[in-house]
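Since the structure comes first, as structure tokens, the remarks are kept for the end.
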Amino acid sequence: MPNINGTKTLTEWLTLLLGVVILLVGLIFVIMGADLAMLGGSVYYVICGIVLVASGVFMVMGRTLGAFLYLGALAYTWVWSLWEVGVSPIDLLPRAFGPTILGILVVLTIPVLRRLESRRTLRGAV
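Each residue of the sequence shown is one higher than the one before, counting from 107 in my numbering.
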């Protein structure tokens, strides 16, 4: 719940911070992924980076769409990882561990994002 003066709670600030982190990771993926793609590498990083940038922007805006976009990017990451290295746990670890940890945090923010979204909707209806 927001404080009496209308400021955001700690969980809301942490959710917005996670959105900023995802946005920055997405920018890095787009920039460095474009370099890799131009050298003949995988375009996974560019595609995933674009989705991560959109996810981060929507999360910073307090929209649940940002969380669902991230989860879509996470599913895409797992498919790409399995296609690239198979089911070898040692090879999957560096490709999927970090995004999965962030995915767990994103799932935990969905109730906060819904609260932010409903509060914004109620404010707009007045």
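Here a beta-carbon is modelled for each residue, glycine too, at the ideal position from N, C-alpha and C.
Specify whether the region 152-163 and the region 174-183 touch according to this definition: at least 3 beta carbon pairs, one from each stretch, less than 8 Å apart. Contact between the region 152-163 and the region 174-183 is established, with three or more Cβ pairs separated by less than 8 Å.
Taking a contact to mean a Cβ-Cβ separation below 8 Å, would you say Thr215 touches Leu124 in this structure? yes
So the alpha helix (DSSP H) Gly139 belongs to, where does it begin and stop? 116-144
How many whole angstroms separate the CB atoms of Val166 and Leu129, which I take to be in contact at a CB cut-off of 8 Å? 7 Å
For Leu122 and Leu116, I'd like the C-alpha separation in whole angstroms. Leu116 has its alpha-carbon roughly 10 Å from the corresponding atom of Leu122.
Using DSSP with H/G/I as helix, E/B as strand and the rest coil, what is Val218? helix
Report the three-state DSSP secondary structure of Ser194 (helix, strand or coil). Assigned with DSSP and collapsed to three states, Ser194 falls in coil, not helix or strand.
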